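A.B. asks: Note that full-length UniProt numbering has the sequence shown beginning at 1, numbered continuously upward.
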Amino acid sequence: MRITPTLAAVPLMLLLLTWLLVGSTNIGAETFDRALGTLDDVSMTQNALRRDILATRAGLLRNYDPLVRDGAALRELMGRLDEVATVDPRIAAAVADLNALMVRQDELVEDFKSKNALLQNSLAYFGVLGSRLGATDGDRALAADVGSLAAAMLRLTLDTSPTIARDVQDRLEALGARPPPSGDAASLRALLAHGRLLHDLLPATDGVLKTLFALPTSREQTAIRSVVLDHQMASRETARSFRVLQYGVSVILLGLLIHAGLQLRARAMSLRRRAAFEHLIAGISTRLITARRPQVGAQIEQALAQLAAHVGADRAYVLFGGAARRHHVWSRAGADCPPGWPEAAPALSAGFDRTADGLIHVRHVARLPAGPARDALAAAGLDGWACVASRSGDGATDIMGFDALPPSRMIRPDQLGLLRTAFDAIANAVGRDHLERERSRLEERLQQGRRMETVGALASGIAHNFNNIVGAILGYTEMAEAEIGSGERAARHLRGICRAGERARDLIGQILAYGRRRAAPSRPVDMHALVVEAASLLRASLPPGVELVLGQEDHAAMVAGEAAQIQQVILNLCNNAAQAMDGAGRIGLDVGLHDVVQAQALSHGSLMPGRHVRIAVSDAGRGIDTETLGRLFEPFFTSRQDGNGLGLATVREIVQEHGGAIDVWTRPGEGSRFAVWLPCIVEDAPEAPVAASMLGRGEAVLLVEGDRKLMLRDEEMLAALGYEPIGFSNGADALAACRESPDRFDVLIVSHGSSAQEALDLAAALHEAAPRLPILLALPSSERIDADALAAAGVFEVVRRPLSSTNVAAVLRTARFRERERAGAAA
Numbered sequence: 001m002r003i004t005p006t007l008a009a010v011p012l013m014l015l016l017l018t019w020l021l022v023g024s025t026n027i028g029a030e031t032f033d034r035a036l037g038t039l040d041d042v043s044m045t046q047n048a049l050r051r052d053i054l055a056t057r058a059g060l061l062r063n064y065d066p067l068v069r070d071g072a073a074l075r076e077l078m079g080r081l082d083e084v085a086t087v088d089p090r091i092a093a094a095v096a097d098l099n100a101l102m103v104r105q106d107e108l109v110e111d112f113k114s115k116n117a118l119l120q121n122s123l124a125y126f127g128v129l130g131s132r133l134g135a136t137d138g139d140r141a142l143a144a145d146v147g148s149l150a151a152a153m154l155r156l157t158l159d160t161s162p163t164i165a166r167d168v169q170d171r172l173e174a175l176g177a178r179p180p181p182s183g184d185a186a187s188l189r190a191l192l193a194h195g196r197l198l199h200d201l202l203p204a205t206d207g208v209l210k211t212l213f214a215l216p217t218s219r220e221q222t223a224i225r226s227v228v229l230d231h232q233m234a235s236r237e238t239a240r241s242f243r244v245l246q247y248g249v250s251v252i253l254l255g256l257l258i259h260a261g262l263q264l265r266a267r268a269m270s271l272r273r274r275a276a277f278e279h280l281i282a283g284i285s286t287r288l289i290t291a292r293r294p295q296v297g298a299q300i301e302q303a304l305a306q307l308a309a310h311v312g313a314d315r316a317y318v319l320f321g322g323a324a325r326r327h328h329v330w331s332r333a334g335a336d337c338p339p340g341w342p343e344a345a346p347a348l349s350a351g352f353d354r355t356a357d358g359l360i361h362v363r364h365v366a367r368l369p370a371g372p373a374r375d376a377l378a379a380a381g382l383d384g385w386a387c388v389a390s391r392s393g394d395g396a397t398d399i400m401g402f403d404a405l406p407p408s409r410m411i412r413p414d415q416l417g418l419l420r421t422a423f424d425a426i427a428n429a430v431g432r433d434h435l436e437r438e439r440s441r442l443e444e445r446l447q448q449g450r451r452m453e454t455v456g457a458l459a460s461g462i463a464h465n466f467n468n469i470v471g472a473i474l475g476y477t478e479m480a481e482a483e484i485g486s487g488e489r490a491a492r493h494l495r496g497i498c499r500a501g502e503r504a505r506d507l508i509g510q511i512l513a514y515g516r517r518r519a520a521p522s523r524p525v526d527m528h529a530l531v532v533e534a535a536s537l538l539r540a541s542l543p544p545g546v547e548l549v550l551g552q553e554d555h556a557a558m559v560a561g562e563a564a565q566i567q568q569v570i571l572n573l574c575n576n577a578a579q580a581m582d583g584a585g586r587i588g589l590d591v592g593l594h595d596v597v598q599a600q601a602l603s604h605g606s607l608m609p610g611r612h613v614r615i616a617v618s619d620a621g622r623g624i625d626t627e628t629l630g631r632l633f634e635p636f637f638t639s640r641q642d643g644n645g646l647g648l649a650t651v652r653e654i655v656q657e658h659g660g661a662i663d664v665w666t667r668p669g670e671g672s673r674f675a676v677w678l679p680c681i682v683e684d685a686p687e688a689p690v691a692a693s694m695l696g697r698g699e700a701v702l703l704v705e706g707d708r709k710l711m712l713r714d715e716e717m718l719a720a721l722g723y724e725p726i727g728f729s730n731g732a733d734a735l736a737a738c739r740e741s742p743d744r745f746d747v748l749i750v751s752h753g754s755s756a757q758e759a760l761d762l763a764a765a766l767h768e769a770a771p772r773l774p775i776l777l778a779l780p781s782s783e784r785i786d787a788d789a790l791a792a793a794g795v796f797e798v799v800r801r802p803l804s805s806t807n808v809a810a811v812l813r814t815a816r817f818r819e820r821e822r823a824g825a826a827a
């Protein structure tokens, strides 16, 4: 018959209980109790012996029977102590020492008895003889000497110090020197003999008593008692431990009965917590999916607060690098993040081992090995840390972290597994929001491009006719100059008309070139000379009530571009300022150099790091309301009845063509300030085609251009801009090269295909092969391009085809800076 494990455990449990029962009876306790009782008896008998010895010395005991009984009792008790001497070598040694002391004590007692017998006998004779001699009537001097000797002897019986003994010795010698009395000479000799004997016996007897009472028997008894007490306590403690074990086994038996129930209950609670966590994550995911773009940030922060409350964290955050580059942080009141945190979390996570879900959990920071990781977490004030980290498609580290401040109340690691699901939900929402932002940006660029194409077509038609008018004005002016002397005032006015007409003809040429989509040549422009000339034109054209005030100018301010276009920007902004003040007021015009250390977002565009020229036009007019500010640079949009909506639209187009940006500050009733930022070039490089800050640094650019002649031209242009062009006239070859070594290139330019859709398909294929690379799509027209399709294909920017060096330089500069930001986030 096969015995089940449960039945086999029964006899083992019985043996265990029997062993515990035997151990809990404390058999050795009786031996130690008897030993302690014996020690008490030894102590009492020892005290009785000493009491009897003192009584005998004082003469209160007339025999030595009590001393004999006490000695016999002590010897018997010492025999009993031999029983416990075998328990511990320390007890055996102490008992042996005590036995030796008892033997010595017996010897001293016997010596005392001998000396005390002689002492008592001599005292008796000394007293009788002293009384006899003191009663002699014939010799009063003898009686006096005997009396003084008796008094000294009495003192010696009480105090055997050397001084008293010397006094007795002197009196004995003095008495012995007297002539013996007649008839009592024998009594005097006997008195002196007993006196001398007492003189020797009393100190000797007291010396025996001192030696007897100085024996360290109490010390040895205390040593034995201490060791016995230790063993007694240990024995009782052992018995108590066995009883505790007995109770523990009983509790274990009871625990085994309820273990299954507790396990079931724990599993049920774990399932409920997991279900609650899943429900929370499902709600978060649903809200993020249905949230509109302006609500995504608030929903993410709400999700972080809910997740932090569930896991027991004091702070929660998500950081996305790469193209998305988005941070959201939540913290409870009083638990704000220290400087540099959580920005350091992505790099710190690289030093920890992760689970298959990318989870990192540090339950207690103080228990980490000493090193930079523990120091960084401790510097952030953390007691516990949990995070989910992953690599995005462009190589950056994305992370969702939870910080627990001391004392940590974070839940167990096995309950943190669902954080990956929550992280994916937030990451998907951030990705969708990023794609939506890119789509909106591209849509805005496309709409602006379409408007400007319309403006260009319209302006080209008008410019042809206006060019004829300007030509006639210049012709008549030249004829008038020929008939008027050069020194007359009218000649100066005519020369001003000629300069303005020539500037108008140049501007018409630019409008015609823009309408035909030809790249305008870029030349160094001295901003000081340009502003002086623009101020001269403005003072002649502004209303009489408007004063133009030039601020501090930087004579070293140089930009690359077309002087006529940049001057047109200044003229348009100043004319708008004059109209905003209803023809009366002051217009401020300032030009200066500024070093931009890091990327800055302006109201209309963004600045890359580098040196820039800022052209600021300010007025104290009506200001601009919020609705108008949103449509300020739209073509054909105007807030005036006599306006045409082309002035500011032209300003924005020119600024973007020159790689710049615009910042608008306004407040209704207080005025406005338009600041135009343009990349600067160095003063000693007059032939530079573009700003030095816009030049490349040898980055590899993959160029796809179906027209081989255009490809060669564009390669030369890119090389002149400081890039390394790698051109392909066949899209399949370019795609194969990109798939073979995607890390070889830094930027992709697609200017290929007979249609916009063909170019877009090629861009999508290149984006799939190299998802981290920015793509520039060059098209002759943006009429039939959808922003969603551009975002899905990974298009960073749409530029005009054929390529313009200034435009391409500005766009490549922006793409290059964003790539450096992405690389920094990935590192």
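Think of the CB as a built atom: it goes at the ideal place given N, C-alpha and C, for glycine as much as any other residue. Just so it is clear, the structure is predicted and the values come from calculations on it, not from any experiment.
Compute the Euclidean distance between the alpha carbons of His-364 and Asp-336, then round it to the nearest angstrom.
C.D. replies: Here residue 364 is taken as the residue at index 364 of the sequence shown, counted from 1. Here residue 336 is taken as the residue at index 336 of the sequence shown, counted from 1. If you take the alpha carbons of His-364 and Asp-336, they lie about 20 Å apart.
A.B. asks: Is it buried or exposed, Thr-205, if we count other Cβ atoms within 10 angstroms and call 16 or more buried?
C.D. replies: If you number the sequence shown from 1, residue 205 lands on position 205. Classification for Thr-205: buried.
A.B. asks: Mind reading off the beta-carbon distance from Leu-419 to Val-388? Whole number of angstroms is fine, and I expect it under 8 Å.
C.D. replies: One-based indexing of the sequence shown puts residue 419 at position 419. One-based indexing of the sequence shown puts residue 388 at position 388. Right, their Cβ atoms sit about 5 Å apart.
A.B. asks: Could you check which residue in Leu-721, Gln-757, His-327 has the C-alpha nearest to that of His-434?
C.D. replies: Locating residue 434 in the sequence shown gives position 434, where the first residue counts as 1. Nearest of Leu-721, Gln-757, His-327 to His-434, Cα basis: His-327.
A.B. asks: According to the neighbour-count rule (16 or more other Cβ atoms, all chains shown, within 10 Å of its Cβ), is His-259 buried or exposed?
C.D. replies: Taking the first residue of the sequence shown as position 1, residue 259 is located at position 259. Classification for His-259: exposed.
A.B. asks: When the distance is taken between beta carbons, is Met-558 closer than 8 Å to Val-525?
C.D. replies: Mapped onto the sequence shown, residue 525 falls at position 525. Mapped onto the sequence shown, residue 558 falls at position 558. Contact: yes.
A.B. asks: Give the DSSP-derived three-state secondary structure of Ser-226 in the structure shown.
C.D. replies: The count along the sequence shown starts at 1 and reaches residue 226 at position 226. It is helical.
A.B. asks: How close, in whole Å, do the beta carbons of Arg-505 and Gln-579 come, if the pair is a contact with beta carbons under 8 Å?
C.D. replies: Counting from 1 along the sequence shown, the entry for residue 505 is found at position 505. Counting from 1 along the sequence shown, the entry for residue 579 is found at position 579. Their Cβ separation, rounded to whole angstroms, is 26 Å, which puts Arg-505 and Gln-579 out of contact at 8 Å.
A.B. asks: Determine which residues share a DSSP beta bridge with Pro-725 and list them.
C.D. replies: Against the sequence shown, residue 725 aligns to sequence position 725. Note: Pro-725 sits in a beta bridge opposite Val-701.
A.B. asks: Out of Glu-478, Gly-610, Asp-582, state which residue places its alpha-carbon closest to the alpha-carbon of Gly-669.
C.D. replies: Numbered from its first residue, the sequence shown carries residue 669 at position 669. That would be Asp-582, whose Cα lies nearest to the Cα of Gly-669.
A.B. asks: Quick check: the stretch 191-206 against the stretch 162-179, are there 3 or more CB pairs under 8 Å?
C.D. replies: Yes: the two stretches touch, three or more of their Cβ pairs being nearer than 8 Å.
A.B. asks: I need the DSSP call for Pro-524, collapsed to helix, strand or coil.
C.D. replies: Against the sequence shown, residue 524 aligns to sequence position 524. Of the three classes helix, strand and coil, the one that applies to Pro-524 here is strand, per DSSP.
A.B. asks: Report the residue from Glu-502, Val-430, Thr-56, Cys-498 whose alpha carbon sits nearest the alpha carbon of Asp-398.
C.D. replies: The residue given as residue 398 occupies position 398 in the sequence shown. Among Glu-502, Val-430, Thr-56, Cys-498, the Cα nearest to that of Asp-398 is on Val-430.
A.B. asks: With DSSP run on the structure shown, which of helix, strand or coil describes Gln-600?
C.D. replies: Against the sequence shown, residue 600 aligns to sequence position 600. Gln-600 falls in the strand class under three-state DSSP.
A.B. asks: Report the rounded CA-to-CA distance for Arg-744 versus Arg-697, giving the unit in angstroms.
C.D. replies: Taking the sequence shown and counting its residues from 1, the one referred to as residue 744 is at position 744. Taking the sequence shown and counting its residues from 1, the one referred to as residue 697 is at position 697. Going by the C-alpha atoms only, they are around 15 Å apart.
A.B. asks: Specify whether the stretch 145-159 and the stretch 229-241 touch according to this definition: at least 3 beta carbon pairs, one from each stretch, less than 8 Å apart.
C.D. replies: Verdict: no, contact absent.
A.B. asks: May I have the straight-line CA-CA distance separating Val-750 from Leu-803, to the nearest angstrom?
C.D. replies: What you label residue 750 is simply residue 750 of the sequence shown in a count that begins at 1. What you label residue 803 is simply residue 803 of the sequence shown in a count that begins at 1. Distance between the alpha carbons of Val-750 and Leu-803 is about 11 Å.
A.B. asks: For Ser-618, list the residues DSSP reports as bridge partners.
C.D. replies: Counting from one through the sequence shown, the residue named residue 618 turns up at place 618. According to DSSP, which records beta bridges pairwise, Ser-618 is partnered with Gly-588, Arg-673.
A.B. asks: Compute the Euclidean distance between the alpha carbons of Ala-308 and Ala-356, then round it to the nearest angstrom.
C.D. replies: Working through the sequence shown from its first residue, we reach residue 308 at position 308. Working through the sequence shown from its first residue, we reach residue 356 at position 356. Roughly 22 Å between the two C-alpha positions.
A.B. asks: What separation, rounded to the nearest whole angstrom, lies between the Cα atoms of Ala-350 and Gly-371?
C.D. replies: Indexing the sequence shown from 1 puts residue 350 at position 350. Indexing the sequence shown from 1 puts residue 371 at position 371. About 14 Å.
A.B. asks: Would you mind working out which of Ala-223, Ser-270, Leu-779, Gln-120 sits nearest Ala-94, comparing C-alpha positions?
C.D. replies: Taking the first residue of the sequence shown as position 1, residue 94 is located at position 94. Minimum Cα distance to Ala-94 is reached at Ala-223.
A.B. asks: Starting from Ser-148, trace the alpha helix (DSSP H) both ways and give me its first and last residue.
C.D. replies: Looking up residue 148 in the sequence shown gives position 148. Element bounds for Ser-148: 140-158.
A.B. asks: Could you please give me the residues that DSSP links to Ala-316 through a beta bridge?
C.D. replies: Walking along the sequence shown from the start, residue 316 turns up at place 316. Ala-316 pairs with Trp-330, Phe-402.
A.B. asks: Among the residues of its own chain, which have a CB less than 7 Å from the CB of Ala-73, if the five just before and after it don't count?
C.D. replies: Indexing the sequence shown from 1 puts residue 73 at position 73. Result list for Ala-73: Thr-45, in chain order.
A.B. asks: Would DSSP call Ser-606 helix, strand or coil?
C.D. replies: Your numbering for residue 606 matches position 606 in the sequence shown. Three-state result, Ser-606: strand.
A.B. asks: For the structure I just gave you, are there three or more beta carbon pairs, one from the stretch 648-656 and one from the stretch 588-602, closer than 8 Å?
C.D. replies: No: fewer than three Cβ pairs fall under 8 Å.
A.B. asks: Under a three-way DSSP split, which group does Gly-696 fall into?
C.D. replies: Along the sequence shown, one-based indexing puts residue 696 at 696. Correct three-state label for Gly-696: coil.
A.B. asks: Do Arg-801 and Ala-778 come within 8 Å of each other at the CB atom, strictly closer than that value?
C.D. replies: Translated into positions along the sequence shown, residue 778 becomes position 778. Translated into positions along the sequence shown, residue 801 becomes position 801. Closer than 8 Å, so yes.
A.B. asks: Take Ile-681 as the anchor and find which of Arg-523, Tyr-125, Phe-277, Asn-465 has the nearest alpha-carbon.
C.D. replies: For the purposes of this step, residue 681 is identified with residue 681 of the sequence shown, where counting begins at 1. Answer by Cα proximity: Arg-523.
A.B. asks: Could you name each continuous alpha helix (DSSP H) segment of 4 residues or more that falls completely within the stretch 175-255, going from the start of the chain to the end?
C.D. replies: With a minimum length of 4 residues, the continuous alpha helix (DSSP H) runs that stay inside the stretch 175-255 are 185-214.
A.B. asks: With distance defined between alpha-carbon atoms, name the residue in Ser-331, Leu-119, Ala-144, Ala-534 nearest to Asn-572.
C.D. replies: Taking the first residue of the sequence shown as position 1, residue 572 is located at position 572. Of the listed residues, the one whose Cα sits closest to Asn-572 is Ala-534.
A.B. asks: Extract the residue ranges of the alpha helix (DSSP H) inside the stretch 752-804, only unbroken runs of 4 or more that lie entirely within it.
C.D. replies: Here the runs fully enclosed are 756-769, 787-792.
A.B. asks: Less than 7 Å between C-beta atoms, sequence neighbours within five positions excluded: which residues of the same chain meet that for Ala-313?
C.D. replies: As a first step, residue 313 must be located in the sequence shown, where it is residue number 313. Once the five neighbours on either side are set aside, the close Cβ partners of Ala-313 are Phe-402, Asp-403, Ala-404, Met-410.
A.B. asks: Residues in the same chain with beta-carbon distance under 6 Å from residue 844, minus the five sequence neighbours each way, listed in chain order, please.
C.D. replies: It is not possible to answer for residue 844, since the shown part of the chain is limited to 1 through 827.
A.B. asks: Can you list, in chain order, the stretches of the alpha helix (DSSP H) that have 4 or more residues and sit fully within the stretch 553-584?
C.D. replies: Counting only runs of 4 or more, we get 563-580.
A.B. asks: Could you name the residues that DSSP lists as bridge partners for Glu-547?
C.D. replies: On the sequence shown, residue 547 is found 547 positions in, with the first residue counted as 1. BP columns for Glu-547 point to Arg-586.
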